[in-house]
Amino acid sequence: MTNAEIPELAEIFAPRTIGPTLIIEGFGAKLTVERGQLVIHDGFGPHRRTNKLSRIERRVERIIITAVDGYVTIDAMRWCKNVGISVVMLDPAGDVIMTSPADTYYEGRLHRAQALGSVEAVRYIMDRKITGQYEVSGHPKIKDHLIRLQHDVDTIREITAIEAKTSRYYWGSIRGTQVTFRGDVPEHWTTFQTRSSALQYAGKTPRKATTPFNAMLNLGYSIGYAEARLACHALGLDTELGLLHRPKEAKSHSMALDLIEIARPHVDRMVLDLVSERTFTRKDFYETNEGQCTVGSPLDREIIERARKAVQEPLAEATEDVAHILAESCDTKIKKRTPLTKRTLKATH
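The opening position of the sequence shown corresponds to residue 1 in full-length UniProt numbering, with each subsequent residue numbered one higher.
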């Protein structure tokens, strides 16, 4: 069977409907400018798509590139920035390679406040995260820890200790979630047991997923991480000066890692909803030679779109609130901006 005869490819690369999130996928992708219009070419083999955007169109907010190969021209990146489109690039495993923000702002005094640290900002971040976890799981112990966080702790060490205890109850309440498949798949694919990965022995981190459930979570978190980086740029926060996560030698964008904590429960809810309503097939996921599980097409497109929709509003609101908390700690007055939510000052933190 030739590429032209594979029905799945025709479905994956069918003509797209242009919406807020435009995903460029496949092989030999191109993002260029022709006669003043942004031109998007993507697809696989004979299954190619071409879309053109004019400068007056405002439907697209993000272009997310998941294509395996291709190119993006300098004038295309400039075109996107000028019309307010941010560009995100993911690698085949779903990790963020690059974010190119359309909206950037610089405020050195906020950077100084980040460097000095803020217990109140960390408390706010963890309050939002644990509140989200309670809304997802309903575990009474999580509610108890949330009350402690709000009233009984005064240091970042105490806050992180509460977060660690809460996470054990939270993931314990989700353990055993069934993932339904049509056909034969590895047994460990069918049930969520833990966020840790057997492929990464140092601390048993979850970055290399070995199950579909964790693969979907990781892809959703990557979108949240990209949105957090873009939100930092819009508010004038330094992505490298985290309040909770420590900066590392290699760029980790630790402030974005702080903010994504708020988005995680929203991604979790999205994946749990998807798992409860869907029967998956073996083709929805693929496994590397070492056993890492990643999301295949077109499911990855759906998760990217749903994840961005899930995290956009809470991340926008939270990033503005964190910037306002930091602004209040500065010696001189800083204007409290709301470029992401367009809220009035009376409605802000």
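In this text, a Cβ means the ideal position worked out from N, Cα and C, and glycines have one as well.
Where the beta strand (DSSP E) containing residue i begins and where it ends
i             : result
glutamate 287 : 285-287
cysteine 293  : 293-295
histidine 41  : 37-44
histidine 188 : Unbroken run through histidine 188: none, as it is neither H nor E.
valine 83     : Note, valine 83: premise wrong, no beta strand (DSSP E); alpha helix (DSSP H) at 74-83.
glutamate 57  : Where glutamate 57 is concerned, there is no enclosing beta strand (DSSP E), given that its DSSP letter is neither H nor E.
alanine 29    : 29-34
leucine 90    : 86-90
Where residue i sits in the DSSP three-state scheme
i                : result
glycine 203      : Note that glycine 203 scores 49 on pLDDT, short of 50, meaning its location in the model is unreliable; the coordinates nonetheless yield the value given after this. In this structure, glycine 203 counts as coil in the three-state DSSP scheme.
phenylalanine 13 : coil
alanine 121      : helix
isoleucine 176   : The question names isoleucine, but residue 176 is glycine in the sequence shown. Reduced to three states, the DSSP call for glycine 176 is coil.
glutamate 8      : helix
alanine 102      : coil
serine 196       : coil
lysine 52        : strand
arginine 182     : strand
valine 68        : coil
isoleucine 334   : coil
glycine 26       : strand
threonine 166    : helix
threonine 160    : helix
Run of the alpha helix (DSSP H) containing residue i, from where it starts to where it stops
i                 : result
residue 382       : Residue 382 falls outside the range modelled here, since the chain spans only 1 to 349, and no answer is possible.
glycine 19        : Note, glycine 19: premise wrong, no alpha helix (DSSP H); not H, not E.
phenylalanine 213 : 212-235
residue 351       : Nothing about residue 351 can be read from this structure; the chain reaches only from 1 to 349.
glutamate 328     : 299-328
leucine 146       : 140-151
Rounded Cβ spacing between residue i and residue j (contact assumed at less than 8 angstroms)
i                 : j              : result
isoleucine 23     : isoleucine 304 : 6 angstroms
valine 322        : alanine 76     : About 32 angstroms; that fails the 8 angstroms criterion.
glutamine 37      : leucine 241    : Not a contact, Cβ separation roughly 39 angstroms.
phenylalanine 280 : proline 339    : So it is not a contact: roughly 39 angstroms between Cβ atoms.
threonine 17      : glutamate 61   : Not really, about 15 angstroms apart at Cβ, beyond 8 angstroms.
valine 88         : isoleucine 65  : 7 angstroms
glycine 94        : asparagine 218 : 6 angstroms
alanine 256       : cysteine 232   : 6 angstroms
leucine 149       : isoleucine 159 : 7 angstroms
leucine 31        : valine 72      : 4 angstroms
methionine 216    : valine 136     : The pair is not a contact, with the Cβ atoms about 15 angstroms apart (cut-off 8 angstroms).
arginine 48       : glycine 19     : The Cβ separation is near 20 angstroms, so there is no contact.
Residue i: CB within 8 angstroms of a non-hydrogen atom of the ligand GTP
i          : result
serine 137 : With respect to the ligand GTP, the structure shown offers nothing to examine, as it has no ligands at all.
Assigned exposure category for residue i - 16 Cβ within 10 Å defines buried
i                 : result
proline 46        : exposed
histidine 266     : buried
asparagine 289    : exposed
glycine 43        : buried
tyrosine 297      : This sequence places serine at residue 297; tyrosine is not what is there. Label assigned to serine 297: buried.
aspartate 331     : exposed
glycine 203       : Reliability fails at glycine 203, whose pLDDT of 49 lies under 50, so the model's placement of it is uncertain and no value is given.
histidine 253     : buried
serine 197        : buried
alanine 14        : exposed
phenylalanine 285 : buried
isoleucine 85     : buried
leucine 244       : buried
tyrosine 170      : buried
Proximity test, Cβ basis, 9 angstroms: residue i and chain D
i             : result
glutamine 193 : Absent from the structure: chain D. Only one protein chain is present.
Q. Are there three or more Cβ pairs, one per stretch, closer than 8 angstroms when the segment 250-263 is compared with the segment 121-137?
A. yes
Q: Check whether the segment 313-327 touches the segment 225-245, taking contact to mean three or more Cβ pairs, one atom from each stretch, closer than 8 angstroms.
A: yes
(Q) Does the segment 222-231 come into contact with the segment 305-313, if we say contact requires no fewer than three beta-carbon pairs (one atom in each stretch) closer than 8 angstroms? (A) yes
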